[in-house]
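For reference, the structure discussed in these notes is given below.
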Amino acid sequence: MATIGPDEPGTRVCLGNELFGTIKSFDGEEAKSKKLSEDLKDMGVKKKLAEDRTLTAEITLATANSSLEAVVTEKEKSLATAKQELERVRVERADAESKVVEAYKDAFVDTPEYQDLAQLLMTIGGEQLVKRIMETHPEWDISFL
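Now the structure itself:
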């Protein structure tokens, strides 16, 4: 048979000759239990808030990444278009330069004056001058010198 004294702190709980422990405080334990329960509820609420914030942050990050990818894609398209335009302009320029050279040849190179000028350059400047002209202006046909 168990012997239990008054419900006061410090009372010993016995069963026969066996000592099971000492009652510390019934009111205190109940208060601790309530406090623990409230703390657990608070922790659950805080955890839920943290999860919500994490989800919101993940959504914001995904949206930002998507927007950034769209901007990068658009810039890459613009760059590709600009490269195509640059190549088109280069081709047009080369074509225009070749037309100018042809026009120059048609208008000047085949004339007797040009032949005389070339002969004069050869006489005055010598071979070095002719080589330099040929190096700097290969489109001028003075190879007959």
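Note that UniProt numbering gives residue 1 to position 1 of the sequence shown, counting from 1, and the numbers run on in steps of one. Don't be surprised by glycine CBs; every beta carbon is placed ideally from N, CA and C.
Would you mind stating whether residue i and residue j have Cβ atoms separated by less than 8 Å?
i: GLU139; j: VAL89; result: no
Buried or exposed, going by whether 16 or more other CB atoms sit within 10 Å of the CB of residue i?
i: GLY21; result: Below a pLDDT of 50, predicted positions are generally treated as unreliable, and GLY21, at 49, falls in that range; no measurement from the model is reported.
i: HIS137; result: exposed
i: LYS24; result: With a pLDDT of 49 at LYS24, under the threshold of 50, the modelled position of that residue is not reliable, and the figure given next carries that caveat. So LYS24 counts as exposed.
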